Amino acid sequence: MTNLRHWAMRQSIFKLFILFLASYQPAEAATHTDSIEDPDLAYFLTDTIHSTLLNKTELTAKYHAYGDYLINGLSISQLKEMWSRNPFREIPENGDFEYSEMDLTQHFTYELLEERLLNLVNSPHVRLVEMGLSTQGRSIYMLVLGHGDIVIAKEGGIHSRETFNTFALIKQVEDYVNSLDTNAIRRRNLEELTVLIAVCTNPDGLEDMLRHPNHVVNKTNMNGVDINRNFFASISGGLARGVTKCATIVNKPGNFYAGKHLGSEIETIVASKFVYYAIIERQAVIFESNHQVGNIIYAGKPYQTTEGFDRSYCFGELQKDFLNSNLEGTTSSEQFSMVDEDAGYGFDGRVGTITDFACDLASGFRFCAEQGRMVYADDNCEMPLLEAKSMEHYHLPQQMKCAIITIEYGVGEAAWGHSEIARGKHPDMYHNYGLDNLLDFQMDYAGCTLPKLNQCLVSDMENTAKLFDMHKDMPATIPLDIYMATTPRNQHRKRAQPVIDLLTPVWDARIPVKNWIIDKYEYINRETTNLFNRLRK
0 MTNLRHWAMR QSIFKLFILF LASYQPAEAA THTDSIEDPD LAYFLTDTIH
50 STLLNKTELT AKYHAYGDYL INGLSISQLK EMWSRNPFRE IPENGDFEYS
100 EMDLTQHFTY ELLEERLLNL VNSPHVRLVE MGLSTQGRSI YMLVLGHGDI
150 VIAKEGGIHS RETFNTFALI KQVEDYVNSL DTNAIRRRNL EELTVLIAVC
200 TNPDGLEDML RHPNHVVNKT NMNGVDINRN FFASISGGLA RGVTKCATIV
250 NKPGNFYAGK HLGSEIETIV ASKFVYYAII ERQAVIFESN HQVGNIIYAG
300 KPYQTTEGFD RSYCFGELQK DFLNSNLEGT TSSEQFSMVD EDAGYGFDGR
350 VGTITDFACD LASGFRFCAE QGRMVYADDN CEMPLLEAKS MEHYHLPQQM
400 KCAIITIEYG VGEAAWGHSE IARGKHPDMY HNYGLDNLLD FQMDYAGCTL
450 PKLNQCLVSD MENTAKLFDM HKDMPATIPL DIYMATTPRN QHRKRAQPVI
500 DLLTPVWDAR IPVKNWIIDK YEYINRETTN LFNRLRK
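For the sequence shown, numbering that gives the first Met the number 0 gives the first residue as 0, with consecutive numbering after it.
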C-alpha cells in the first residue's frame, strides 16, 4: 500500500462520504438508558444436555477413528456455576472526566490503572462494566466506548508479561475521548459505532508482573495456568491421526500449561463471557486479541470456512498495511507481517486460545456437555471438529460477519514486562505504530463493511451523492460480502488478495473512488446499477 502517513489523507475518502450527510449538530451529553445484562449462557449450549462428561480416555475411545484427546473437558455444572458466579455489573459515574495524558514510562500498579478506568466512566461516551473477579478477587473490566450498533471488540492482558497491551488500550480510549470536543468526525463515529474493550483479562498476572518489573518469563495467572491455552474451544486437545503433537504442550504449571481441564480458570470463563457478549449478543464485526512480541498478525484459522478465513485474512492485511504505513524507513524486522498458523494447527493436541473460541462462536458452534468443549451441533447430531477436520464440511448456520485477528506488538524480549527498559520502549511503540489513530482506522473499516443498506456498493461520488439525497441516514459502504462472493478461492493463503486489492483505495486518497470497480467484477457493477435504479423509483 502507498504511504499513508498523513492520517487526514488516509481518511479523506471515507470522510468525504460523511460530508454528504446532514451537517453535524453537537448532541447533548449522551445518557445510557439501556442496561448491559449478563450474557445468557443458554444460547450456545447444545439442545442435548448429556448427563455425564466423557473424560479424555472415553472421548478417545468414542472417536478412535479420528484421533486422540489429550485433555479433559469442562463439565456443564462447573460452566454454569462459574458463568453465573459474578454477573456483569455496570460501574456508576463518580464525578467529571478529567484528562491526564498517560505516561507509558510510568511504573504502574493495577490499582493505578483502575483509577484511570474509574475516571473514564465519567465521560458520557464511556461505560465501565465489571465482568467478574479474578482468582485473587481483582475486578476484570470491560470498557464500552460509543453508542452505535456497529461493534468492534478488543481484548488484552491475557498474558501477564505482555503489559504494553493493557496500557495501550486504556490510552487509546483516553486520548479518543479527550479529542471529542474538537473532532466532529470522531463524535459522529461514536453515534454509529461501539468499541468493547476487555482491557486486562488476567489482572492477577499483570499485578504480579508490575510488582516484579524485571521478571519477564511468566505468562500465566496465579495458578500457573496459561489462560490463552485454557479455552474450551472446538480444537482443544484434539490430536488427529497422522498429525505431529504440538511441541509446546506441557503437563505442569507454567507457560503453555492448559490447566487440569478446559475452562478450569475463572479468568477463562470471564473472558469467554466477553467474547460471547461481543460476538453473539452485539454481533461484533472485528474481534482483536492483543499480545507481545514479534510485530506479527495472525488472521484466519486453517480449519475455518473460506468465508470466515477470507474475512479475517483480509482485515489482517489491511491492519498490517495501516501499521506499516507509520513505520516508513524502518528495517524489515520492525515491519509488521502476516504469519500463517503452524501446519496442523487445530489438530495437533494444543488447547484453544481466545480467538479459537471466538471463531467457534462466530461459526455457530455450541458447547456440548458430553464433550466439555465446543462442537458443531444441529437437530440431528453433535460432531466434534476432530471428526470433520474443517468447518467447510459442516452445514453451518449463517455465520457472524466477524474478522478475528491476533496481533503481537513489539520487537525483542526487552519489550516484555514492566522493567525500566521495557517502559522506555513503550512510548515509541505506541506512537510509531500509529496506535493513537488505530481506532479511527478500525471504525472506518467497520463502518464500511457493515452496510445499513444491505449489499450496497457506492461506486463513484456521483452515485454517492444520489444515495445520500434519497437516504440521508444511510452511510456509504463497501460490501465485503459481494467481493467475497465474486472472488475465486485459490490454493494459497493469499486467496484474500483480490479482496484486499479492491478495498485498499479506501485508505489511499490518491486513487479515485471510481477506480474501485474493475472489469472482471461486472457482477458488482450490474447489482449496483440495479440497486440505484430501485432507489430512484
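Every residue, glycine too, gets a C-beta built ideally from N, C-alpha and C. Owing to the predicted nature of the structure, the values given are computational and were not obtained by experimental measurement.
Check whether the Cβ atoms of residue i and residue j sit closer than 7 Å, and answer yes or no.
i: S159; j: N201; result: yes
i: I139; j: G131; result: yes
i: G363; j: V292; result: no
i: S122; j: F96; result: yes
i: L385; j: Y65; result: yes
i: V366; j: L58; result: Note on identity: in this sequence residue 366 is Phe, with Val being the wrong assignment. Result no, Cβ atoms of F366 and L58 do not sit closer than 7 Å.
i: N164; j: N289; result: yes
i: F344; j: P301; result: The sequence shown places Tyr at residue 344, not Phe. Yes.
i: T181; j: I226; result: no
i: N254; j: K218; result: yes
i: T134; j: I265; result: yes
i: D203; j: R137; result: yes
i: G315; j: A342; result: no
i: L40; j: E369; result: no
i: G156; j: C199; result: yes
i: A357; j: F273; result: no
i: F231; j: L73; result: yes
Could you give the DSSP three-state label for residue i: helix, strand or coil?
i: Q291; result: strand
i: L73; result: coil
i: P497; result: Confidence is the limiting factor: at P497 the pLDDT is only 39, short of 50, which leaves the residue's position unreliable, though a coordinate-based value still follows. Reduced to three states, the DSSP call for P497 is helix.
i: T405; result: strand
i: D339; result: coil
i: A239; result: strand
i: S178; result: coil
i: R422; result: helix
i: K153; result: strand
i: R126; result: strand
i: A376; result: strand
i: V284; result: coil
i: T56; result: helix
i: L395; result: coil
i: Y109; result: helix
i: F230; result: strand
i: E36; result: coil
i: V216; result: coil
i: F440; result: helix
i: L360; result: helix
i: A64; result: coil
According to the neighbour-count rule (16 or more other Cβ atoms, all chains shown, within 10 Å of its Cβ), is residue i buried or exposed?
i: F16; result: Only weak support is given to the placement of F16: the predicted model assigns it a pLDDT of 31, under 50, and the value that follows is read from those uncertain coordinates. F16 is buried by the Cβ-count criterion.
i: T228; result: Contrary to the premise, residue 228 reads as Arg rather than Thr in this sequence. Buried.
i: N431; result: exposed
i: N250; result: exposed
i: Y42; result: exposed
i: E36; result: exposed
i: I481; result: Below a pLDDT of 50, predicted positions are generally treated as unreliable, and I481, at 36, falls in that range; the measurement from the model is reported next regardless. Buried.
i: H106; result: exposed
i: D468; result: Reliability fails at D468, whose pLDDT of 38 lies under 50, so the model's placement of it is uncertain and the value that follows must be treated cautiously. Per the 10 Å Cβ criterion, exposed.
i: T476; result: Confidence at T476 is low in this model, with a pLDDT of 37, below 50, so the placement of that residue is unreliable and no value is reported for it.
i: H394; result: exposed
i: P38; result: buried
i: A445; result: buried
i: D439; result: buried
i: T243; result: exposed
i: H63; result: exposed
i: L111; result: exposed
i: A361; result: buried
i: A421; result: buried
Assuming residue i contacts residue j (C-beta within less than 8 Å), just tell me the rounded distance between them.
i: M390; j: T304; result: 5 Å
i: I149; j: L192; result: 5 Å
i: G416; j: H214; result: 7 Å
i: I151; j: A283; result: 6 Å
i: I285; j: F335; result: Their Cβ separation, rounded to whole angstroms, is 17 Å, which puts I285 and F335 out of contact at 8 Å.
i: V128; j: E89; result: 5 Å
i: A239; j: F308; result: Rounded, the Cβ-Cβ distance is 19 Å, inconsistent with contact.
i: K55; j: L78; result: Not really, about 17 Å apart at Cβ, beyond 8 Å.
Would you say the beta carbon of residue i comes nearer than 6 Å to a heavy atom of the ligand SAM?
i: A41; result: The model depicted lacks the ligand SAM and carries no ligand whatsoever.
Please check if any C-beta of chain C sits within less than 7 Å of the C-beta of residue i.
i: G348; result: Protein chain content of the structure displayed is limited to a single chain, and chain C is not contained in it.
contact_flag[the segment 235-253, the segment 346-361] where n(CB pairs < 8 Å) is 3 or more
yes
Flag this pair as touching only if the segment 181-189 and the segment 207-216 have three or more C-beta atom pairs under 8 Å; answer yes or no.
no
How do the segment 267-285 and the segment 389-407 stand: do at least 3 beta-carbon pairs fall below 8 Å, yes or no?
yes
Is the segment 87-105 in contact with the segment 366-379, if contact means three or more CB pairs nearer than 8 Å?
no
Counting Cβ pairs closer than 8 Å, one from the segment 162-173 and one from the segment 110-118, do we hit at least three?
yes
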